[in-house]
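Under the numbering used here, think of the first position of the sequence shown as 42, with each following residue one higher.
Ideal Cβ placement from N, Cα and C applies to all residues, glycine included.
Read through the structure below, which is laid out as structure tokens, and then see the notes.
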Amino acid sequence: MLRLVYIRPGIVEWHEVPELALRGAAEALVRPIASSVCDLDLRILAGRTPFLGPFAFGHECVAEVLEVGAAVRGVHPGDRVVVPWHINCGGCDRCRTGLTAHCRTVPAGAMFGLPAGGEWGGLFDEVVRVPYADAMLHPLPHDIDPAAAVSAGDNLTLGLELLRGHLRRRPGARVLVLGGGGSVALYGAQLAAALGAGRVLYLDTDRARRAVAAGGGAETHAGPPVPSLGEFDVVFDSAFDAERLADSIALLAPEGVVESSGVYFERVELPLFRMYVQGVTFHTARANAGPHVPAVLDLIRRRRIDPARVVSETLPIADATTALAAPSLKPLFVRASLGSARAGTSARTA
Ligand SMILES: [Zn+2]
Ligand SMILES: [Zn+2]
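Laid out in structure tokens, this is it:
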């Protein structure tokens, strides 16, 4: 089977690797039919992270279930499923309280598509082994296009996970979105509005991304964050820009909140005295994803968000090696579904 392998900045390659098989009754084998790159992947491809190749690449996809172990109840061969970016058991104390990215049963950091916590393959691979199928996989409703849900296991769900609690506590909250990293901020702007924000202002130096945000209903501005833009209750940061992050704190109302999903490998200076005076809460985290996937799929079904608007182009997955040399904002890579191929064969013979 084929595996997409990150080699070095700008270079990914298809490698032939041994076929996978189920190793236990709780497992599933799945075939990614729609894959994309997360904002961190874009930085890996640009050579702006500490991660060195080679490693199996990619951790966002919608897949088709090929085979399940005898103990799997929640998904069946042929189902389309959202696959979360990380590996989790579903049964430990952390998984049961929603901290699935911190599962105790698997090595720390265990995930697809990065050299962390073992070798789990990547979500562009022809076949992926999912060790805890019932805990990890979420069936995709028939009326949702994989293009809309391709990031539901990572970048899309992150915004819901980080913003929902604040918007429940403060209906009508004013949300400042710091864009620049890629899709997380664009999804976040849509989610903030859908979850009840009273104002959503999307800041980004990039005109094309601002246009995507505006199409999704957000006010936009090229920035930088200056107090004349207004006062905000929540900053949702996915800028990967330490200066913008620090400057945005001056725009926060008393007891305001910063939710930072930008990944900063460098040391970042924050204006702690201003934060002390204003009573600012700062939270930075990656997604637990899984527990929040049903809520995000529900928002898609009810047309409260339109994540497919963020997709920049749709390509055959074989083209990933060329397209990822200089990736667009959110390329969608598609692979034929074996289920529909079989259905097509029987329809022709019928
Ligand atoms: Zn990611
Ligand atoms: Zn667990």
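**Touching by the beta-carbon criterion (3+ pairs, under 8 angstroms), the segment 365 to 380 and the segment 277 to 293** = Short answer: they don't touch.
**8 angstroms contact criterion, which L204 and G221 should meet: CB distance rounded** = Incorrect: roughly 18 angstroms between the Cβ atoms, too far for contact.
**Message:** At a threshold of 8 angstroms, does L81 count as lining ligand 1 (C-beta to nearest heavy atom)?
**Reply:** Using a cutoff of 8 angstroms, the CB of L81 counts as near ligand 1, since one of the ligand's heavy atoms is closer than that.
**Message:** Could you check whether the Cβ of N129 sits closer than 8 angstroms to any heavy atom belonging to ligand 1?
**Reply:** no
**Asked** Which residue's Cα is closest to the Cα of A188: P348, D82 and A361?
**Response** P348
**Message:** Would the segment 211 to 219 count as touching the segment 68 to 87 if we require 3 or more Cβ pairs under 8 angstroms?
**Reply:** Segments in contact, no.
**Asked** Any chance the segment 118 to 129 sits against the segment 139 to 149, with 3 or more Cβ pairs inside 8 angstroms?
**Response** Counting C-beta pairs closer than 8 angstroms gives three or more between the segment 118 to 129 and the segment 139 to 149, which meets the contact rule.
**Message:** In whole angstroms, give me the CA-to-CA distance for F96 and L232.
**Reply:** 32 angstroms
**Message:** Quick check: Q319 and G297, are their CB atoms within less than 9 angstroms of each other?
**Reply:** yes
**Prompt:** Between the beta-carbon of A475 and the beta-carbon of L219, is there less than 9 angstroms?
**Reply:** Because the chain here runs from 42 to 391, residue 475 falls outside it and cannot be looked at.
**Prompt:** Where does P59 fall in DSSP's three states?
**Reply:** coil
**Request:** Using a threshold of 9 angstroms, state whether the C-beta atoms of V216 and D274 are closer than that.
**Result:** yes
**Asked** CB G331 to CB A176, shorter than 9 angstroms?
**Response** yes
**Request:** Closer than 8 angstroms by C-beta to P268: which residues in its own chain qualify, once you throw out the five before and the five after it? Chain order, please.
**Result:** A291 and L292
**Message:** Using a Cβ-based criterion (distance less than 8 angstroms to any ligand heavy atom), does V171 qualify as near ligand 2?
**Reply:** no
**Prompt:** Between the segment 256 to 267 and the segment 233 to 241, are three or more C-beta pairs nearer than 8 angstroms?
**Reply:** yes
**Message:** Let's see if you can read the secondary structure: which residues bound the alpha helix (DSSP H) around D288?
**Reply:** A283 to S289
**Request:** Using the Cα positions of P295 and V321, report the straight-line distance between them to the nearest angstrom.
**Result:** 7 angstroms
**Asked** When DSSP labels each residue in this structure, what does A294 get in the three-state scheme?
**Response** strand
**Asked** When the Cβ atoms of the segment 51 to 64 are set against those of the segment 353 to 371, are three or more pairs found closer than 8 angstroms?
**Response** yes
**Message:** Under 8 angstroms: does the beta carbon of E333 sit that close to some heavy atom of ligand 1?
**Reply:** It should be pointed out that residue 333 corresponds to His in this sequence rather than to Glu. For H333, the shortest C-beta to heavy atom distance toward ligand 1 is 8 angstroms or greater.
**Prompt:** Is DSSP giving T141 helix, strand or coil here?
**Reply:** helix
**Message:** Does the distance between the C-beta of V267 and the nearest non-hydrogen atom of ligand 2 fall short of 8 angstroms?
**Reply:** No, ligand 2 has no heavy atom inside 8 angstroms of this Cβ.
**Prompt:** Among the residues of its own chain, which have a CB less than 8 angstroms from the CB of A382, if the five just before and after it don't count?
**Reply:** Interpretation of A382 is limited by its pLDDT of 49, a score under 50 that renders its predicted location unreliable; no figure is taken from the coordinates.
**Contacting residues, own chain, Cβ-Cβ under 7 angstroms from D80 (five flanking each side not counted)** = N196, G222, G223, S224, V225 and S279
**Request:** Using the Cα positions of R251 and G110, report the straight-line distance between them to the nearest angstrom.
**Result:** 45 angstroms
**Message:** If you measure between the beta carbons of V103 and V191, is that distance less than 9 angstroms?
**Reply:** The answer is yes: Cβ separation under 9 angstroms.
**Request:** Rank V78, L338, E57 and H117 by C-alpha distance to the C-alpha of E202 and give the top, closest one.
**Result:** L338
**Request:** Starting from Y243, follow the beta strand (DSSP E) in both directions and report where the run begins and ends.
**Result:** Boundaries of the beta strand (DSSP E) harbouring Y243: R240 to L244, taken from the DSSP string.
**Asked** Which same chain residues, not among the five before or five after E108, have their C-beta less than 8 angstroms away from its C-beta?
**Response** Here the set comprises L63, A69, L70 and P118.
**Prompt:** Between E160 and M42, is the Cβ-Cβ spacing less than 9 angstroms?
**Reply:** no
**Message:** Suppose the cutoff is 8 angstroms on Cβ atoms and the five residues either side in sequence are ignored; what does the same chain contact list for M316 look like?
**Reply:** I290 and F323
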